[in-house]
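Here's the structure, in structure tokens; my notes come after.
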Amino acid sequence: MRSGISKIVPLEAALSAVEDGMSLTAGGFAHSHQPMAMTRALIRRGVRRLTLMGVAECWVAEFLAAAGAVEKAYFSNFMFEGFGRCRRFVEGVETGRIATEDHSHFGMICRLQAAGLGLPFMPLRAMTATDIVEVAGFEDITQKSRFIASPFGNGRVTAVSPLKPDVAIIHAARADAAGNVQLFGATSVIEEQARAASTVIVSVEEIVEADVIPRQPELTILPALLVDAVVHLPFGAHPTGVFGYYEHDAAYLGEYYAASRRQDSTDAFFRRWIHDQADHWSYLDALLVSRLLALRVDPALGTIMTGQRHV
Amino acid sequence: MSEISRDEFMAVAAAREFRDGDVAFIGTGLPMVAAYLAKATHAPRVKLVFESGIIDAAPRELASGVGDYRLAYGSPKIAGMSYALSLLQGGRIDIGFLGTAEIDRFGNLNSTVIGPYRQPRVRLPGSGGANDIASMAGRFVVICRLDRRHFVEKLSYLTTPGFLSGPRAREAAALPGSGPSRVITDLAVLGFDPETKMMRVEELYPGVTLEQVHERSGFALGVADDIAEALAPTDRQLHLLRHVIDPDGRYVVAANV
Amino acid sequence: MSTRDYSLAELLTVCVARELEDGGQGFIGLGTGGRAFIMAVGVPSVAAELARRYRGIDFITQYGCTFEPDLKKTPSNFADPYLLAWPSKAQVRVEECLEYFRRGRMTVGFTSGAQIDARGNLNTVCIGPHEKPKVRLVGPIAQSDHCTYAKYTYVLMTQDRRTFVPKLDFRSALGHGDAPGDRKRLGVAGGGPRKVFTDLAIWEFDDDGFMRVESLHPAVTMEAVTASVGFPVRFAEQLVETPAPNPEELRLIRNEIDPDGLFLEARIA
Amino acid sequence: MTQPTKVRSLAEAVRLISDGDVVAFGGHTARRHPMAAVREIVRQGKRRLHVAGWNNGIDMDLLIGGGCVATVETSYIGIGSLGLARNYRRAAEAGAIRIIEHSETTAMDRFRAASMGLPLLPTKTGLGTDLPRYNPHLKPFTDPFTGETWLAVEAIRPDVAIIHAHTADEKGNVQLDPQRWHDNSPDAMIARSAKTVIVTVEQIVSEDAVMARPIDTILPRSDVTCVAEAPYGAHPCCCDARYDYDMEHLRRYYEATATVEGFADWLAEFVTGLEDHLAYLDKIGARSLMGISMKRTVRP
Numbered sequence: 015m016r017s018g019i020s021k022i023v024p025l026e027a028a029l030s031a032v033e034d035g036m037s038l039t040a041g042g043f044a045h046s047h048q049p050m051a052m053t054r055a056l057i058r059r060g061v062r063r064l065t066l067m068g069v070a071e072c073w074v075a076e077f078l079a080a081a082g083a084v085e086k087a088y089f090s091n092f093m094f095e096g097f098g099r100c101r102r103f104v105e106g107v108e109t110g111r112i113a114t115e116d117h118s119h120f121g122m123i124c125r126l127q128a129a130g131l132g133l134p135f136m137p138l139r140a141m142t143a144t145d146i147v148e149v150a151g152f153e154d155i156t157q158k159s160r161f162i163a164s165p166f167g168n169g170r171v172t173a174v175s176p177l178k179p180d181v182a183i184i185h186a187a188r189a190d191a192a193g194n195v196q197l198f199g200a201t202s203v204i205e206e207q208a209r210a211a212s213t214v215i216v217s218v219e220e221i222v223e224a225d226v227i228p229r230q231p232e233l234t235i236l237p238a239l240l241v242d243a244v245v246h247l248p249f250g251a252h253p254t255g256v257f258g259y260y261e262h263d264a265a266y267l268g269e270y271y272a273a274s275r276r277q278d279s280t281d282a283f284f285r286r287w288i289h290d291q292a293d294h295w296s297y298l299d300a301l302l303v304s305r306l307l308a309l310r311v312d313p314a315l316g317t318i319m320t321g322q323r324h325v
Numbered sequence: 005m006s007e008i009s010r011d012e013f014m015a016v017a018a019a020r021e022f023r024d025g026d027v028a029f030i031g032t033g034l035p036m037v038a039a040y041l042a043k044a045t046h047a048p049r050v051k052l053v054f055e056s057g058i059i060d061a062a063p064r065e066l067a068s069g070v071g072d073y074r075l076a077y078g079s080p081k082i083a084g085m086s087y088a089l090s091l092l093q094g095g096r097i098d099i100g101f102l103g104t105a106e107i108d109r110f111g112n113l114n115s116t117v118i119g120p121y122r123q124p125r126v127r128l129p130g131s132g133g134a135n136d137i138a139s140m141a142g143r144f145v146v147i148c149r150l151d152r153r154h155f156v157e158k159l160s161y162l163t164t165p166g167f168l169s170g171p172r173a174r175e176a177a178a179l180p181g182s183g184p185s186r187v188i189t190d191l192a193v194l195g196f197d198p199e200t201k202m203m204r205v206e207e208l209y210p211g212v213t214l215e216q217v218h219e220r221s222g223f224a225l226g227v228a229d230d231i232a233e234a235l236a237p238t239d240r241q242l243h244l245l246r247h248v249i250d251p252d253g254r255y256v257v258a259a260n261v
Numbered sequence: 178m179s180t181r182d183y184s185l186a187e188l189l190t191v192c193v194a195r196e197l198e199d200g201g202q203g204f205i206g207l208g209t210g211g212r213a214f215i216m217a218v219g220v221p222s223v224a225a226e227l228a229r230r231y232r233g234i235d236f237i238t239q240y241g242c243t244f245e246p247d248l249k250k251t252p253s254n255f256a257d258p259y260l261l262a263w264p265s266k267a268q269v270r271v272e273e274c275l276e277y278f279r280r281g282r283m284t285v286g287f288t289s290g291a292q293i294d295a296r297g298n299l300n301t302v303c304i305g306p307h308e309k310p311k312v313r314l315v316g317p318i319a320q321s322d323h324c325t326y327a328k329y330t331y332v333l334m335t336q337d338r339r340t341f342v343p344k345l346d347f348r349s350a351l352g353h354g355d356a357p358g359d360r361k362r363l364g365v366a367g368g369g370p371r372k373v374f375t376d377l378a379i380w381e382f383d384d385d386g387f388m389r390v391e392s393l394h395p396a397v398t399m400e401a402v403t404a405s406v407g408f409p410v411r412f413a414e415q416l417v418e419t420p421a422p423n424p425e426e427l428r429l430i431r432n433e434i435d436p437d438g439l440f441l442e443a444r445i446a
Numbered sequence: 050m051t052q053p054t055k056v057r058s059l060a061e062a063v064r065l066i067s068d069g070d071v072v073a074f075g076g077h078t079a080r081r082h083p084m085a086a087v088r089e090i091v092r093q094g095k096r097r098l099h100v101a102g103w104n105n106g107i108d109m110d111l112l113i114g115g116g117c118v119a120t121v122e123t124s125y126i127g128i129g130s131l132g133l134a135r136n137y138r139r140a141a142e143a144g145a146i147r148i149i150e151h152s153e154t155t156a157m158d159r160f161r162a163a164s165m166g167l168p169l170l171p172t173k174t175g176l177g178t179d180l181p182r183y184n185p186h187l188k189p190f191t192d193p194f195t196g197e198t199w200l201a202v203e204a205i206r207p208d209v210a211i212i213h214a215h216t217a218d219e220k221g222n223v224q225l226d227p228q229r230w231h232d233n234s235p236d237a238m239i240a241r242s243a244k245t246v247i248v249t250v251e252q253i254v255s256e257d258a259v260m261a262r263p264i265d266t267i268l269p270r271s272d273v274t275c276v277a278e279a280p281y282g283a284h285p286c287c288c289d290a291r292y293d294y295d296m297e298h299l300r301r302y303y304e305a306t307a308t309v310e311g312f313a314d315w316l317a318e319f320v321t322g323l324e325d326h327l328a329y330l331d332k333i334g335a336r337s338l339m340g341i342s343m344k345r346t347v348r349p
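Line order of the protein sequences matches chains A, B, C and D.
Be aware that the first sequence starts at 15, since it is given in the numbering used here, and climbs by one per residue.
Be aware that the second sequence starts at 5, since it is given in the numbering used here, and climbs by one per residue.
Be aware that the third sequence starts at 178, since it is given in the numbering used here, and climbs by one per residue.
Be aware that the fourth sequence starts at 50, since it is given in the numbering used here, and climbs by one per residue.
Here it is in structure tokens:
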């Protein structure tokens, strides 16, 4: 029988799970499906001293770093495709405010996998013999990885230790009230992040009736058993995009990137778009609905329909 | 329009690195253009895997990156980053392409920091998939401008393994891939001496001298015995680059008319 | 009346259920709320299901374009987006759904009106002269179609001197016309109104096409009916009390067909 | 030959309407009426229109209140479950508009006959009623085969038809989503009856998108004069599976129309005081529009 318990909660209630000093991982990559509305809400609330356990959630990392909310970062790559470095994040590192622990993408994924699978370590064939495993960041280098021989005598691998985030924040396409979550398009590292994290908070574009999910169960990226709370946040990934709904807002990203040259202009940007907005709805209204609707994708192309090219 | 730009030479040189039937791991930029050029010409059976988890897409227009939804068009399989990287570790990827901030004579790369690791002078984006590709792809190609800022005697940080310290070092580290096969620059195409694993000049673009190449490297480059002038792009390749694959010159800028 | 253990809606439901014919098809319009909803939608819906279960007849109900919906999955809101998702046997194109009338397939049209006259003609257009009415109403909707083509029409409405009038301000639907044989003369295929179910009585039509009281609801007097109607009232020779629901009918209605009162207590928005 | 684009701005499209035109509207009850176009008609101050439909609501009530209408031809005008349409009622009770009465099928037959290229269609609906007295397009005639009396429903040939659909490509091929209610085919009849056909759509899409499901094309481009993109263009009416009614807004409208002054204020706030449809959407705001949205993804 269907469970009568709903996991749909208001944004602030869901984010009460994120406390100062906790470790956080976030979904998304490049300019796609990053949980930006939740990130803005955390910044508005003044979250502090976070440890990121990140893979490719560049915008989340940059915004949190710009807000002075990041203390440490385990990660593999934060950069803005088509723009360049995440300026506030790198400045935090270059001034010593943010301590880092580098990985390759797969190395980071393996550490999350180890946690998610309940294993003491995960072997991989990358990172070996490089400074990633030789040069210590804030972590005891011997506790990060070891080059080990297989007990079966069939080779040597790098073993990495588990990383278990306190909270994963994820933005997806749709969910039902029970907390089954679906996503279209590329899934970044969401499955590993959700399995690893102690608490999983998901924001979605749409809440759907319970009978929608079982029609295409293969689209379900997170079953309800992995999800602690669901927040309904249409355009909740803005200014990044959500596959099947809307593209990233290139103009907005460009505006941020220009502002991020300096901390004071970044602060002004945040004042306008985060601190001066009472909630997600006022943020969307400040952007204007018409601007958001212009980001809608075409059903066949999957992107904003621009002039069609026939080659 | 018939004058050929350095970008076009680089694109064509990169395209040549594909063998028909290769499964290639592709990132943003010039490698994307080279991959589509190869597929449209000598290597139609090349299959592409993108870091974002998109497999073998057939985009109608050039994507602005591996996260661009344009890249998903026509893809028969869209998964996640973990899936794409698992294919790499599983030995399914024949060739990868990498850019870099620094490269040394053994083809090791740095995309992490300039200066010390803690509180660096310049914090770079980090390895991302670069280390994974260099460690685990069958072979990899580096695309990089040839100058002393990029070609350095010693890396600030070894993010991504080339031949590490030289012969047999990759074997000692149990890295499954065979390492860098080519370095494509704006002046010349470089390769590696099979014995010493040190970088050497193999092809020069028309009008480029060996002296110019040596002058712009921060370390001593070897020279291949059979050094040759790089093959000029064919008319068909130029047509594809300029009118079909990258008509807006996003990654491959045509020469000024 | 106070000692009755059933509601007016239940009483009417049972009476309508007894009328329906095996193999029939009935059209139930949507789009009213409150009390009018109970009369126009609630009673016919539950009656049809009761007739199926209690009498074992086969009867197709058609809610606009929706054929034979699953009453167990009735939406709590009849706004279109919810109707869209109502599991049913068919959703036909909207202009086709009315062609079941024109092809003569519709056995019963359930209808209502702002005014009815002694010959069962109906008005849903205006009160007062059409050129400058006192009250402009919604318009004929599909009522003229019901009354033209359906084999029978059952009218369900509240009875008072405003609604039961000697002369309509506008005749938007043909009942039995102005004189006996009018429908036949006009070549109108349907049989016209057969019964009128109100809060006080059930009316039938005599051979001349005049409305007459067939039964009075419990505790309703002939005087009360006469006083509530704007035309001379005829009573059937064997005037009876409207037969009460039996316990089994009530059990089916309350426990199985409409346990949440969606239909007979108008709990559908 | 290149195929011409039929995309126009909503304002350009509505400028195709002249004062005094017969204008037919798609949609029914409180569902998928071309409300963005209706508001633009009021904004442009069109006058003396003969508006025709088969089952209408806030679309015609707003046009009547906006002073655009001389004649109304339909079977029904009401504001959903809220009640009577008050601008309509006021105008009718003041004798300020002419009303041509229809039952649903006769209203549809007007369009159906024209869309079939016929001068009339026969019907029994309306015989023995007052409808023919108040509708010059219903006239009795004798069936030449049987001698029976029928009513002839005269074909209508509107100057302009306006319907709202889900999508169209730039060439004017108009589609509805696969998930829809009864496909609302009278809209296609209404369009095919008219001399000029304006289609507003939720989204202009690629030709790829149209060609992926040709069975959902309700009007091929030869039936269409122009298409204008109007997301949430039926608001506050519902639009099949995409969005629900905006009951809050409908209620506000209903209450505003209780008085002439109230409606004037409403009109200034939501129609005449706003530059265009996008400004209207910005005013309605994200919370309302996202709140009524039922399916925003382009994926199945």
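Yeah, the Cβ is synthetic: ideal placement off N, Cα and C, and Gly gets one too.
Within the stretch 100-143 of chain B, the complete alpha helix (DSSP H) runs of at least 4 residues fall at 134-140. Across the set D:Val320, D:Ala204, D:Gly127, D:Ile341, the C-alpha of D:Gly127 shows the shortest separation from the C-alpha of leucine 314 (chain C). Judged by DSSP in its simplified three-state form, arginine 362 (chain C) adopts helix.
Contact with chain B is absent for phenylalanine 166 (chain A), since none of that chain's Cβ atoms lies less than 9 Å from the residue's Cβ.
Secondary structure of valine 171 (chain A) (DSSP, three-state): strand. In this model, leucine 307 (chain A) and histidine 326 (chain D) are separated by some 12 Å (Cα to Cα). It is roughly 13 Å from the alpha-carbon of glutamate 308 (chain C) to the alpha-carbon of tyrosine 137 (chain D). Going by C-alpha positions, aspartate 98 (chain B) is about 17 Å away from alanine 17 (chain B).
Of all residues in the stretch 62-90 of chain D, none is placed with a Cβ closer than 8 Å to any Cβ belonging to chain A. When the Cα atoms are used, serine 185 (chain B) and proline 171 (chain B) turn out to be separated by approximately 14 Å. DSSP places valine 181 (chain A) within a strand segment (E or B) once states are collapsed to three. Taking C-alpha positions only, proline 409 (chain C) is separated from isoleucine 318 (chain C) by approximately 29 Å. Under the 9 Å criterion on CB atoms, glycine 334 (chain D) is classed as interfacial with respect to chain A.
The alpha carbon of arginine 139 (chain A) has as its nearest neighbour, out of A:Val171, A:Ala191, A:Ala264, A:Gly167, the alpha carbon of A:Val171. CA-CA distance, phenylalanine 214 (chain C) to tyrosine 270 (chain A), rounds to 55 Å. Assigned with DSSP and collapsed to three states, tryptophan 103 (chain D) falls in coil, not helix or strand. Looking at the DSSP output, valine 214 (chain A) sits in a beta bridge with A:Ala182.
Scanning its chain for C-beta atoms nearer than 8 Å, with the 5 sequence neighbours on each side dropped, one finds around isoleucine 221 (chain A) the residues Ile22, Arg188, Ala189, Asp190, Ala191, Val244, His246, in chain order. It is roughly 7 Å from the alpha-carbon of leucine 261 (chain C) to the alpha-carbon of arginine 229 (chain D). Residue burial is scored here from C-beta neighbours: proline 235 (chain D) has at least 16 other C-beta atoms within 10 angstroms and is therefore classed as buried. Going by C-alpha positions, phenylalanine 204 (chain C) is about 11 Å away from alanine 225 (chain C). Annotated three-state conformation of isoleucine 215 (chain C) is helix, per DSSP.
In terms of CA proximity to alanine 443 (chain C), C:Ser253 leads the group C:Asn432, C:Arg195, C:Ser253. The three-state reading of DSSP puts alanine 258 (chain D) in helix, counting H, G and I together.
Boundaries of the alpha helix (DSSP H) harbouring glutamine 277 (chain A): 277-284, taken from the DSSP string. Neighbours of alanine 214 (chain D) across chain A, judged by C-beta separation under 8 Å, do not exist; the nearest C-beta is about 14 Å away.
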